[in-house]
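Protein chains in written order, with the numbering used here: chain A, 1 to 201; chain B, 1001 to 1218.
A quick write-up on the structure given underneath.
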């Protein structure tokens, strides 16, 4: 849906609500919250894997939005701008917890259990056609934090490696390497989940 | 090229495609071919994932509180609708007597506080309607008697039709909000956040009643 076509509960278009929110219109801001809360919250939840943290970070993202919306110049889509703001809020929070640093070390020093050698010469049943979304969501939740962040940013949110590298403060190579390991780990988790299901049947 | 060399180069191959040697290995090796197919499939499926769910209504409540505390918006300026999204589970929940009792107590306490905080308005009110003590107003708000609410709206409309219309619209939104909150509290009576949400709803109604009464008595 394009920005111009989006409307909020009060009947304002998103563009109108943005302009009104810039001058402190609380009702317009509320409309923007209603329009974007689900995606921002889902982003926070997927990146942190924790409901309470996701709620706090959603709150912080929208508070920052209220404070900073006057600086939105329309150079990118509002949703892109807001989600970048939310990603930065989450990354700042995770940096304080020290998680990205741990994940980057992992990327530089691949662990054998996640490395490619595991599959060498192995014959596994392919996953194609067998993943349901609930399983995929659960498996993403189970990823180590560093893997999860890169996977969510790249494969779900659609950020490019150069953008991720800039946001995470790492090299593009690290971003690619970590994404690959995240997918490999997910593959293992999904196969494990499928095997467990088969045993239960 | 063997499997080890191929898989070590996989991140690059998946991102940018392989060179002729890698392509040839991919075609000839079933294990590596399955691996590539799986990784691409995982990435494709991830792109199809949608935002999952709305945040808990307390997130919006906290945002309102924070903005009010910082003086960025006046308290009560935002409507309570932001608490409840169309697809939120809160719309599927029901009322609980315990929640009602707690809410009524909270409303009484709040209304008494509000009226005491505006002694001029309270004195004015007492002079015009001798039987309408502050606690009576609060009790009316807590009871949420539709007839009383409508009478108050009518009184405001007689004074100023625009004012009456504004209060009536606000009343409808509040009642709808309370109804949703009651359902939520019923469905999840042990969830402190949902109960708090209900109390917030009643507080909003108490504030509406107090403001409407004061305007009617001006």
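C-beta atoms are modelled at their ideal positions from N, C-alpha and C, and glycine is treated no differently.
C-alpha distance - residue 1162 of chain B paired with residue 59 of chain A, whole-angstrom precision = 35 Å
Does the beta carbon of residue 1027 of chain B sit closer than 9 Å to a beta carbon anywhere in chain A?
-> At a cut-off of 9 Å between C-beta atoms, residue 1027 of chain B does not count as an interface residue with respect to chain A.
Euclidean distance between Cα positions of residue 123 of chain A and residue 1005 of chain B | Residue confidence is low: residue 123 of chain A scores 46 on pLDDT, short of 50, so the model does not pin down where it sits. Its coordinate-derived value is still stated next. Residue 123 of chain A and residue 1005 of chain B: Cα-Cα distance of roughly 17 Å.
For residue 1161 of chain B and chain A, any beta-carbon pair shorter than 9 Å?
-> no
What in chain B is Cβ-close to residue 64 of chain A, meaning under 9 Å?
-> When 9 Å is used as the limit between beta carbons, residue 64 of chain A is near no residue of chain B, the shortest such separation being about 11 Å.
Distance, residue 1065 of chain B Cα to residue 1145 of chain B Cα | 28 Å
What residues in its chain sit with their C-beta under 8 Å from that of residue 98 of chain A, if we drop five residues either side in the sequence?
-> Excluding residues within five positions, none has a Cβ falling inside 8 Å.
Return yes when the Cβ of residue 198 of chain A is within less than 9 Å of the Cβ of residue 150 of chain A, no when it is not.
-> no
Residue environment, residue 1140 of chain B, which counts as buried when at least 16 other CB atoms sit within 10 Å = At residue 1140 of chain B, the pLDDT of 40 sits below 50, so the modelled position is not reliable; the number obtained from the coordinates is stated separately. It counts as buried.
Mind the definition here: the segment 45-65 of chain A touches the segment 85-93 of chain A only if three or more C-beta pairs lie below 8 Å; say whether that holds.
-> In short, these stretches touch, since the Cβ pair count reaches three.
Beta-carbon neighbours of residue 1059 of chain B, restricted to chain A and to distances below 7 Å = 55, 58, 59
Between residue 1062 of chain B and chain A, is there a C-beta pair that is closer than 9 Å?
-> yes
Within this structure, are the beta carbons of residue 12 of chain A and residue 31 of chain A separated by less than 9 Å?
-> Yes, they are a contact pair.
Are the segment 19-39 of chain A and the segment 73-92 of chain A touching by the rule of at least three beta carbon pairs closer than 8 Å?
-> Yes, the segment 19-39 of chain A touches the segment 73-92 of chain A.
Between the segment 130-149 of chain A and the segment 44-58 of chain A, do at least 3 Cβ pairs fall closer than 8 Å?
-> yes
Amino acids of chain B, ordered along the chain, whose beta-carbon sits closer than 8 Å to that of residue 180 of chain A = Those are 1010, 1011, 1014, 1039, listed as they occur along chain B.
Helix or strand or just coil, what does DSSP make of residue 13 of chain A?
-> strand
Are the beta-carbon atoms belonging to residue 24 of chain A and residue 1072 of chain B less than 9 Å from one another?
-> The Cβ-Cβ distance between residue 24 of chain A and residue 1072 of chain B falls below 9 Å.
Taking residue 62 of chain A as part of the alpha helix (DSSP H), name the residues at either end of that continuous run.
-> 51-68
Reducing DSSP to helix, strand and coil, say where residue 1001 of chain B ends up.
-> coil
Which of helix, strand or coil DSSP assigns to residue 173 of chain A = helix
Within its chain, find whatever has a CB closer than 8 Å to the CB of residue 161 of chain A; leave out the 5 residues flanking it on each side and keep chain order.
-> 154, 172, 175, 176, 179
Give a yes or no on whether 9 Å exceeds the smallest Cβ distance from residue 137 of chain A to chain B.
-> yes
Coarse secondary structure for residue 1056 of chain B, derived from DSSP in three states = coil
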